[in-house]
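Notes to accompany the following structure.
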DNA sequence: GGTAATGATGAAGTAACATCACGATATGAC
DNA sequence: GTCATATCGTGATGTTACTTCATCATTACC
């Protein structure tokens with residue numbers, strides 16, 4: 115039906131471009147996508163136990179230990195004993211990391227604006243509605259366990 | 115300025131949902147995102163040397179060796195000697211893998227249609243123009259080496 | 001016909017995950 | 001109070017996706 119690239123193609127391309135850009139920005143520093151997710155979460159949630167981080171980031175607690183290890187060693191984050199629970203550790207952003215995150219947020223908004231500027235003024239409202247609609251639909255599909263498959267290998271040839 | 119989630123937020127969310135869906139579809143099979151990229155490329159490019167795959171997928175030749183190893187073992191792909199260059203190996207999709215890829219393409223188009231259906235009919239044209247515009251702008255930013263940073267850590271605190 | 005580029009792979013290393021086992025602590029039942 | 005049980009962090013171990021570097025064919029060039 116659709117001749118050229120489909121919506122999906124475009125969206126996937128955009129995804130890929132984001133990842134590529136992200137990765138390149140970090141190359142050279144000790145930051146990575148996964149570690150930055152931790153920082154980003156701490157900005158929004160404030161000092162947290164590793165367990166809380168694991169839950170919110172939807173990764174194993176063991177993995178968080180490793181990520182925090184790296185972030186702590188690079189000075190982005192500090193571990194301190196939890197005031198009431200002696201099993202737990204509180205992870206907190208260091209001041210330089212907080213400053214860095216503020217900068218990231220500025221860049222984030224700036225890029226958002228730049229991207230929106232690229233779409234013709236007359237189309238903007240419709241575009242925003244469209245994005246929201248697509249995001250919501252996709253959210254629904256993903257939640258509905260596999261209803262929406264980006265691609266699906268139902269058979270395993272010659273296993 | 116913008117109160118709720120920005121365009122960027124939405125786009126990033128969509129990226130994440132895609133990845134999540136993809137990964138879940140593959141869980142249980144021996145397919146992964148990276149391996150599927152190889153299959154996908156072979157569909158479009160036909161039988162290829164590993165070198166060609168490495169170039170097109172923008173990964174190291176060594177990595178391709180590993181990916182093809184896994185795909186070959188699972189029966190998705192076959193290695194054969196290159197007819198004229200005895201150094202090279204030709205990688206070809208097996209018939210079951212070809213069938214699988216056809217199915218994936220069908221699903222791909224179907225999902226694309228489903229997503230587009232989610233946006234109000236009156237907004238569709240503007241939405242498509244918007245997506246294209248954003249993709250192009252982003253492509254430009256990424257190409258212009260770091261002009262568009264999704265996030266940027268210019269300093270390395272306490273290294 | 002000898003040197004240089006090229007194709008695939010072994011070796012070794014990193015990052016992001018996962019699971020499992022374990023020790024330290026909290027908590028809730030009795 | 002005490003004791004079983006659940007929870008928090010981490011060591012050990014394994015997988016996947018990558019990388020670079022070295023090696024070994026083979027091919028291409030002068």
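Protein chains in written order, with the working numbering: chain A, 115 to 273; chain B, 115 to 273.
All residues carry an ideal CB built from backbone N, CA and C; glycine is no exception.
As the structure is a computational prediction, the values presented were derived from the model and not from experiment.
Item	Value
Residue 204 of chain B - containing beta strand (DSSP E), residue span	203-207
Assigned exposure category for residue 139 of chain B - 16 Cβ within 10 Å defines buried	buried
Check whether residue 205 of chain B and residue 163 of chain B have beta carbons under 9 Å apart	yes
CA nearest to the CA of residue 118 of chain A, picked from B/242, B/180 and B/145	B/242
Supposed contact pair residue 190 of chain B and residue 211 of chain B - C-beta distance, whole angstroms, cut 8 Å	4 Å
First and last residue of the uninterrupted beta strand (DSSP E) at residue 191 of chain B	191-195
Residues from the segment 193-210 of chain B in contact with chain A, defined by Cβ distance under 9 Å	208, 209 and 210
Proximity below 9 Å, CB of residue 245 of chain A to CB of residue 254 of chain B	no
C-beta contact flag for residue 152 of chain A and residue 171 of chain A at 9 Å	yes
Proximal residues to residue 161 of chain B (C-beta, below 7 Å), its chain only, five neighbours per side dropped	204, 205 and 206
Continuous alpha helix (DSSP H) stretch holding residue 250 of chain B: start and end	238-257
Three-way DSSP call (helix, strand, coil) for residue 226 of chain B in this model	helix
Residue 258 of chain A to residue 134 of chain B span [Cα, whole Å]	13 Å
The segment 214-231 of chain A in contact with the segment 120-136 of chain B per 3-pair CB rule at 8 Å	yes
Reference residue 142 of chain B; option with closest CA among B/188, B/169 and B/239	B/188
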